[in-house]
Each structure stands twice: as C-alpha cells, then as structure tokens.
Amino acid sequence: MTDGGDGTWIGEAQGPTHTGPGDQHNHFHYLIAGADRLVRTGSDPRRMAREQRRWLSQRFVPPPGYGVAAERLENAGTTVLLSGPPGSGRRTAAVMLLHRLGGDDDRFREVSLTDKRDDMTELASGDRLLFDLSGASEQEYLDAQPLLSAYWDTVERRGARLVVVLPYGHEQLLRPDFRQLMATIERPRGDVVLARHLVHAGIGIPPADLRASVLAELLERSAMRELQRLAALVAQARSGGGAGGDFESWAKQAAEALSDRSKEVAEQVAALGEGRQRALLLTAAMLNGAPADVVFRQADDLLVTLRHPPDERPRLDRTDLTERLNALRVEVDRDGRVRFDSLAYDAAVRSHFWTYYPDLRESFRNWVGDTVRGQGLLGPDDRRNLVARFTEQSLRVATLGPLYTLADQWAAETRLMPEAMEVLARGLAHERFGSAFRARIYDWSVTSGLHPNLVRVLARICLDVMAPTHPDQALVRLHHLARGTAESGPPDAREALFELVRRDPRLYAKLLARLWDGLEAGRPDSPDAGLFLELADPSLSWVPAAAMVRGWRGVLAVAPAQRWGPTVERWLSAMRSVAPQERERLMGVLVDAADGWADRLSRLYLVAHDWANAPDRTEGQPSRAEVAARFWQKIDLAQGIEPIGASGARRTEERTP
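Numbering (the working numbering), first residue to last: 1 to 657.
Okay, structure coming up:
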C-alpha cells in the first residue's frame with residue numbers, strides 16, 4: 001500500500017514494503033489449468049484486503065487531529081469529513097479510522113463519485129464506507145455534495161459509518177451544514193513514520209538517529225507516500241549491499257534514488273551519440289533483472305520497431321555487449337542478468353523516455369506487445385515485470401487506450417492471460433484511473449461475443465480485485481458477463497458471481513432483485529431464469545422467503561417445466577434433511593410462487609410425483625413419499641381443495657392438468 005500524499009488503496013494489488021534486491025513487482029498468481037480455466041492460487045481476496053489493512057495498521061502513525069476524528073466515529077451512524085494538507089496521509093488516516101472500528105467482517109467498501117453506472121450502494125448497520133474526494137476538481141466537489149448528503153442521511157438512519165476525504169484548498173465550497181462533520185489532521189512527524197516502517201523491515205533505527213542522518217531534510221518535507229518509498233529503498237540498499245555497508249550508506253543510496261533524477265537521466269541520454277545506445281538504455285531499464293542476452297536481442301528488436309537504420313558494420317567491428325552496457329552504467333551480475341549500478345535509476349530512465357519521446361509511445365507499446373508474445377525469450381517473472389513497468393508508465397502519462405488494447409489481445413492467448421490480468425489489476429488499483437478501468441470493464445461486460453478467455457480474465461478480476469473495495473460494481477459486471485455466457489460460454493463468470501454473493505447476504509439479496517428485474521421482461525429464454533435456478537440454494541435459510549418467492553414466481557412464469565423441474569427436485573431432496581419448520585418454509589416458497597395459477601401448481605405436482613417415484617435408498621430421513629404427500633397437500637390448499645385421506649396423497653390421474 002502507498003500513502004499518496006494521500007493514498008492507500010484498501011484492496012491494492014501491490015503488497016507490503018519491498019525489502020529485497022531489485023524492483024518491487026508483486027503479482028497476482030494464476031495457473032492455466034487444462035488450457036481452459038483461469039484458477040486463482042492465492043487466498044480469499046477479502047481476507048487479503050483485511051491483511052493489507054492490518055499490515056498498514058502496524059506501520060501507521062496517527063497524525064495530529066486523528067484522535068478527534070476517531071472519537072466522533074465511535075458512535076454508529078456517524079459521518080466524518082476528513083481534511084488536511086497534501087502529504088499528511090488523509091486517505092491512510094481515513095482507512096485506519098474505519099479499519100480499527102471493525103472486526104474481521106467484510107463490511108468495508110469504497111464509494112466512488114465517478115462510477116455513475118451503478119446504483120447507490122445499499123447500507124446496513126455495521127457497514128464502513130470510504131468516500132475519497134481528495135483528487136476532485138472544484139466542479140466535481142460541488143457535484144458530489146448532493147450525493148454526500150444522501151449518504152449522510154442513510155448512514156445515520158442505518159447505523160453505518162462513513163469517512164469522506166476532502167480535497168485540499170476547497171474549504172470555501174463546502175456546504176455550511178457539512179462543517180459540523182469536519183475533522184482536520186496535520187502531517188505526522190516524518191522521523192517517527194520512517195522509524196516505524198524501518199523497524200518492520202528489520203532495521204531498528206531510533207527517530208533521533210534518523211534526524212541526525214543524511215535523511216534529515218527528507219523527513220521534514222516528504223509526503224507520507226515518499227517516506228514509505230524511502231523505507232523500501234533503504235531496505236533494498238541493505239539487501240543489495242550484501243554483508244557490507246552501514247545505515248548511513250544505505251540511507252545515502254535511498255535518498256539519491258528518491259530524488260528527482262530527471263536532469264541526470266536527460267544529461268546521460270543527450271550524451272549518447274547514437275540511437276542504438278539509447279535503445280539499449282531503454283531496453284535495459286524495461287527489462288532490468290532479465291538475462292543480458294535477452295536484453296541485447298530485444299534492444300535490436302526495438303530498433304526494428306522504431307525503423308531505425310541498421311548498423312552495416314561487420315559484427316566484430318562493433319563493441320561487445322559488456323562494453324556497451326558499462327557505458328550506460330549497467331552491470332551484468334553473477335547470474336548473467338542486467339542491473340543498473342544506481343538504486344532505482346532504471347525507473348528514472350523509463351520515465352524520461354515516456355515523457356520526452358511522446359511520439360514513440362505507440363512504437364514502445366508495439367515493442368512491448370511483441371516482446372511479451374515472444375516464445376521462450378522471457379521467463380514468467382521477467383515478462384510480468386515488463387508488463388508492470390509498461391503499465392506504470394502508461395498510467396503516469398494517462399495513455400489508457402493501449403493498456404485496454406493489450407489486455408484484450410493478451411487475454412485471447414491462454415498463456416498470456418496472467419499478463420492481461422496484471423494490466424487490469426494495476427489499472428484498477430490506480431488512484432486516478434481506477435474508475436476509468438471499472439468503466440472499461442463494464443463496457444466489456446455488456447458487449448456480446450467476447451473472447452471466452454477475456455470473460456475468464458474479467459471474471460477473476462471482478463472477484464479478486466474489484467470486489468474487496470467495490471463489491472456492488474463487481475456484482476453488476478459479473479451479472480452482465482454471466483448473462484452473456486449463460487448458455488454456451490465458459491462458466492467462470494457464473495461461478496465468480498455465485499462465489500461473490502454466497503459469502504455476503506446483502507449482495508445475495510441484491511442479485512436476487514436484479515434477477516427478478518430481468519425475469520419481469522417475460523422472455524422464455526431469459527438467461528436470468530437459468531442464473532436464478534443455479535443460485536436458488538435451499539440450504540441458505542437466511543435468505544428471506546419473500547425474495548425467493550419473487551425469483552421462483554418469475555421463473556415459473558417464463559420458463560418451461562423441463563427447465564426448472566430439476567431445481568424443484570433438488571429442493572424436494574433438500575427438504576428431507578431439514579427440520580419440519582424449515583421444510584414447511586421451503587414448500588411454502590414454491591407454492592406461493594405459483595400465485596394460485598392452476599397450470600403452474602399442476603406442473604409442480606407432476607414434478608414432485610416423478611421425484612417421489614424415483615428409487616429411494618436413503619435411510620434415517622423422511623421418505624420421498626412423505627415429503628411429496630405434504631407438498632401435494634399444500635398445492636391442494638392453494639387451489640382450495642381439501643386433502644383426501646389422512647396423508648393427503650392423490651393419484652396423479654385424479655388431478656386436472
């Protein structure tokens with residue numbers, strides 16, 4: 001997580017502070033099973049999001065003013081508007097205010113101003129919501145205040161809690177009635193923050209020693225994001241130095257890496273006399289840590305992509321790779337992999353080329369696409385490092401289109417599905433462009449004819465990356481994807497949708513309502529009918545009977561018996577293993593859903609008749625005949641027919657179809 005002068009994203013794709021050598025690139029790990037399924041090999045994303053918040057909580061230093069906000073938020077039904085200067089960690093403080101109020105429940109999610117496609121999130125007692133307006137423009141801030149007012153009212157009535165991060169410098173635009181909700185924080189002490197991060201990286205340095213080090217100036221002026229990055233760089237310098245070095249040397253390297261090195265890189269690039277060396281410099285920065293021979297080969301491919309004139313000199317008349325790399329301040333380590341001799345210098349090189357060669361960005365994208373597709377050139381880690389670096393630069397210069405294009409193209413190739421996910425996960429985690437990626441995923445989800453692999457990628461992204469912080473939006477997109485693949489597409493979207501809602505009663509109820517809305521259209525081939533029949537689980541006793549009745553009513557009205565009959569049989573089988581009261585409830589749901597229509601009740605009767613006559617080898621439970629007899633009784637009563645005999649059993653041929 002990073003505090004971006006105000007930004008800790010509460011379900012971030014990136015992990016904790018990096019403490020090893022080289023760049024930090026944390027990935028979602030997926031396996032392609034049987035060449036047709038994308039399988040997550042990690043843990044429950046909700047638990048991972050909680051673990052990330054716990055990780056942050058261990059390193060969090062409460063800023064001045066935090067206690068006032070925390071005290072206000074102790075009462076359920078409270079809204080706090082959090083203000084503070086840039087760099088003070090407003091967003092991180094907001095996350096911690098909410099996180100430290102809850103247990104291990106999952107009622108923690110984010111409200112987004114820009115996601116206008118989805119309905120306002122329903123609130124319930126115990127919900128904890130974050131509404132981040134820190135990056136809002138003046139007009140966006142004004143537009144958000146009616147929505148904020150609605151949330152304030154609902155939060156108070158439902159017993160939820162809401163923390164809103166306010167933009168800095170727009171205090172005069174805040175409505176007067178909101179001022180009572182404000183709490184202001186200040187920047188915490190930099191030495192204390194850095195010391196807290198370092199101790200969790202295994203480097204115990206007292207704040208007083210930090211103030212006396214080369215880092216003193218940075219401690220006074222750096223934003224919280226930069227201090228966390230500084231801690232990571234110190235740990236990286238220590239790991240990269242082997243057994244030698246001391247804290248002052250590590251700190252010096254870290255401070256240099258954190259500084260603005262754009263001028264230094266610009267001077268180096270200008271001093272390079274030919275395009276071939278510049279291409280090698282960019283390639284080494286994009287593939288930092290990759291094998292040297294791969295870097296050499298890909299530098300030549302970059303020149304081809306850029307249509308650079310070939311070097312006509314005989315190969316042995318040209319300098320070798322080692323000499324060329326040394327001239328660029330790039331080394332080859334003992335494992336034959338390229339490394340820059342200055343900490344984090346590769347990132348500055350990448351930023352230079354993306355900033356000052358804007359006309360070549362499309363060529364850079366084409367080169368990255370070809371390099372990632374190249375068979376046998378890069379290993380999985382090097383390949384995804386390249387994808388991460390390209391994504392980082394594209395987001396930095398706000399060129400999102402190429403990212404969407406590459407994610408779509410890579411998803412179509414089974415072996416590159418993890419790379420497609422890398423792009424989308426990082427885009428969703430971006431503070432500025434996360435909403436744009438959610439919007440693009442929505443557009444994909446309502447598009448017919450998607451490649452099956454793209455459906456699989458989007459399903460996992462919605463469940464694993466979007467759902468921990470934007471569960472309602474993940475549900476909407478998964479529902480659309482499931483509709484589009486209900487008949488013949490891959491099952492991934494349906495499975496992800498059901499996994500999402502079955503762990504959250506609120507989302508389960510919301511999906512039932514959406515399915516009912518779809519069934520109201522009355523189409524016999526409605527995909528929502530099939531989704532409901534898969535979703536309708538008789539073992540979920542917490543689902544309100546009225547919600548189930550509505551769903552069944554829609555299915556019975558539009559679908560033929562052969563479509564819903566197997567699910568009714570599944571319900572009848574489940575009734576044998578539940579308490580009598582629950583059995584009566586389940587029967588009541590089915591009978592009430594028929595709405596007294598004789599033809600629907602008769603079809604229910606016939607399905608139960610066939611089920612009752614099937615072989616019954618189960619012992620210790622009510623027999624099929626007993627359950628069917630009671631079900632027939634309830635059908636008769638719904639039609640105003642008095643049961644015949646004590647058992648209420650009737651022969652099928654006695655009923656009017």
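No residue lacks a Cβ here, since even glycine has one placed at the ideal position from N, Cα and C.
Measuring straight from C-alpha to C-alpha, what distance separates ALA474 and LEU463?
Mapped onto the sequence shown, residue 474 falls at position 474. Mapped onto the sequence shown, residue 463 falls at position 463. Near 7 Å, if we compare the C-alpha coordinates of LEU463 and ALA474.
Is it buried or exposed for HIS731, if we count other Cβ within 10 angstroms and need 16 for buried?
Since the first and last residues shown for the chain are 1 and 657, residue 731 lies out of range.
Please classify ARG651 as buried or exposed, where buried requires at least 16 other C-beta atoms within 10 Å of its C-beta.
What you label residue 651 is simply residue 651 of the sequence shown in a count that begins at 1. Low local confidence applies: a pLDDT of 42 at ARG651 is under 50, so the model's placement there is unreliable, and no value is given.
Taking the beta strand (DSSP E) that SER83 belongs to, which residues open and close that run?
For the purposes of this step, residue 83 is taken as the residue at position 83 of the sequence shown. Taken as a continuous stretch (DSSP letters only), the beta strand (DSSP E) holding SER83 covers 78-83.
Quick one: which unbroken alpha helix (DSSP H) runs of 4-plus residues sit fully inside the segment 267-321? Chain order, please.
Annotation: the segment 267-321 contains the following complete segments of the alpha helix (DSSP H) (minimum length 4 residues), in chain order: 275-286 and 292-305.
Which stretch, first to last residue, makes up the beta strand (DSSP E) that contains ARG339?
Locating residue 339 in the sequence shown gives position 339, counting from the first residue. That run of the beta strand (DSSP E) goes 338-340.
Taking 6 Å as the cut-off, is the C-beta of ARG229 nearer than that to any heavy atom in the ligand COA?
No copy of the ligand COA appears in this structure; indeed no ligand is present at all.
Run of the alpha helix (DSSP H) containing THR184, from where it starts to where it stops:
Residue numbering aside, residue 184 sits at position 184 when the sequence shown is read from its first letter. Unbroken run through THR184 is the beta strand (DSSP E), 182-184; no alpha helix (DSSP H).
Whole angstroms is fine: what's the gap from PHE433's alpha carbon to GLN145's?
Against the sequence shown, residue 433 aligns to sequence position 433. Against the sequence shown, residue 145 aligns to sequence position 145. Approximately 21 Å between the Cα atoms of the pair.
Can you tell me whether TRP542 is buried or exposed? The criterion is at least 16 other CB atoms within 10 Å of its CB, across all chains shown.
Looking up residue 542 in the sequence shown gives position 542. Burial call: exposed.
Between the C-alpha atoms of LEU218 and ASP346, what's the straight-line distance to the nearest angstrom?
Here residue 218 refers to the residue found at position 218 of the sequence shown. Here residue 346 refers to the residue found at position 346 of the sequence shown. Put simply, the backbone Cα of LEU218 is about 22 Å away from that of ASP346.
Taking all protein chains shown into account, decide if LEU637 is buried (16 or more other Cβ within 10 angstroms of its Cβ) or exposed.
As a position in the sequence shown, residue 637 is number 637, starting the count at 1. It is exposed - the Cβ of LEU637 has fewer than 16 other Cβ atoms within 10 Å.
Taking the alpha helix (DSSP H) that PHE498 belongs to, which residues open and close that run?
The residue you call residue 498 lines up with position 498 of the sequence shown. Residues 492-502.
Answer with buried or exposed for PRO566, where buried requires no fewer than 16 other C-beta atoms within 10 angstroms of its C-beta.
Sequence index remark: in the sequence shown, residue 566 carries index 566 (1-based). PRO566 should be labelled exposed.
Would you decide whether THR391 is buried or exposed? Buried here means 16 or more other CB atoms lie within 10 Å of its CB.
Here residue 391 corresponds to residue number 391 of the sequence shown, with the count starting at 1. It counts as buried.
Let's test the definition: count the other Cβ atoms within 10 Å of the Cβ of LYS510 and tell me whether it reaches 16, buried, or not, exposed.
Within the sequence shown, numbered from 1, the residue matching residue 510 stands at position 510. By the 10 Å Cβ count, LYS510 comes out buried.
Shortest alpha-carbon distance to GLU140 belongs to which of LEU113, SER149 and ASP153?
The residue labelled residue 140 in the question sits at position 140 within the sequence shown. Closest option to GLU140, Cα to Cα, is LEU113.
Could you check if ARG187 is buried or exposed, using at least 16 other CB atoms within 10 Å of its CB as the buried criterion?
For the purposes of this step, residue 187 is identified with residue 187 of the sequence shown, where counting begins at 1. The residue in question, ARG187, is buried, as its Cβ has 16 or more Cβ neighbours within 10 Å.
Once DSSP output is grouped into helix, strand and coil, what is the label at ARG175?
The sequence position of residue 175 within the sequence shown is 175, counting from 1. Coil.
Check for me: the beta strand (DSSP E) holding PHE108 runs from which residue to which?
The residue you call residue 108 lines up with position 108 of the sequence shown. First-last of the beta strand (DSSP E) with PHE108: 108-111.
Counting pairs of beta carbons, one from the segment 444-452 and one from the segment 467-485, are three or more of them closer than 8 Å?
yes
Have a look at LEU101, ALA124 and LEU129 and flag the residue whose alpha-carbon is nearest the alpha-carbon of PHE108.
Here the question's residue 108 lines up with position 108 in the sequence shown. The candidate whose alpha carbon is nearest that of PHE108 is LEU129.
Pick out whichever of VAL589, SER573 and LEU272 has its Cα sitting closest to the Cα of VAL555.
What you label residue 555 is simply residue 555 of the sequence shown in a count that begins at 1. Looking at the Cα atoms, VAL589 is the closest of the given residues.
Sheet register partners of VAL164 (DSSP bridge):
Indexing the sequence shown from 1 puts residue 164 at position 164. Beta-bridge pairing links VAL164 to LEU81 and PHE131.
Take every Cβ of the segment 172-181, pair it with every Cβ of the segment 207-216, and state whether three or more of those distances are shorter than 8 Å.
The segment 172-181 vs the segment 207-216: no contact.
Considering VAL589, what are the terminal residues of the beta strand (DSSP E) in which it resides?
Stepping through the sequence shown from its first residue, residue 589 is reached at position 589. Looking at the DSSP string, VAL589 is not in any beta strand (DSSP E); the run it does join, the alpha helix (DSSP H), is 580-593.
Kindly confirm or deny that the segment 162-171 and the segment 196-205 touch, where touching means at least three C-beta pairs closer than 8 Å.
No, the segment 162-171 does not touch the segment 196-205.
Apart from the five residues just before and just after HIS720, which ones in its own chain have a Cβ nearer than 6 Å to its Cβ?
Nothing in the structure corresponds to residue 720, since the chain is present only between 1 and 657.
With 16 other CB atoms within 10 Å as the buried threshold, where does LEU73 fall?
Working through the sequence shown from its first residue, we reach residue 73 at position 73. Its Cβ being crowded by 16 or more others within 10 Å, LEU73 is buried.
Rounded to a whole number of angstroms, what is the C-alpha to C-alpha distance between VAL465 and LEU428?
As a first step, residue 465 must be located in the sequence shown, where it is residue number 465. As a first step, residue 428 must be located in the sequence shown, where it is residue number 428. If I take the Cα positions, the gap works out to 7 Å.
Am I right that GLN393 and TRP354 are in contact with their C-beta atoms under 8 Å? What's the rounded C-beta distance?
Here the question's residue 393 lines up with position 393 in the sequence shown. Here the question's residue 354 lines up with position 354 in the sequence shown. Indeed they touch by this definition, with Cβ atoms about 4 Å apart.
Identify, in the order they occur along the chain, each residue of the same chain with its Cβ nearer than 8 Å to the Cβ of ARG158, setting aside the five sequence neighbours on each side.
For this step, residue 158 is matched to residue 158 along the sequence shown. For ARG158, where only same-chain residues beyond five positions count, the Cβ hits under 8 Å are GLY77, LEU123, ALA124, SER125 and ASP127.
Cα-Cα separation between THR405 and LEU458, rounded to whole angstroms:
Taking the first residue of the sequence shown as position 1, residue 405 is located at position 405. Taking the first residue of the sequence shown as position 1, residue 458 is located at position 458. The straight-line gap from Cα to Cα measures roughly 14 Å.
Measuring CA to CA, which of LEU572, ALA69 and ALA348 is closest to ALA608?
If you number the sequence shown from 1, residue 608 lands on position 608. The shortest C-alpha separation from ALA608 is found at LEU572.
So, at 7 Å on beta carbons, what are the nonlocal neighbours of TYR508 in its own chain, with the 5 sequence-adjacent residues on each side left out?
Locating residue 508 in the sequence shown gives position 508, counting from the first residue. Correct list, in chain order: VAL501, ARG502 and VAL543.
What is the rounded straight-line gap between the Cα of ALA69 and the Cα of PHE131?
Stepping through the sequence shown from its first residue, residue 69 is reached at position 69. Stepping through the sequence shown from its first residue, residue 131 is reached at position 131. About 15 Å.
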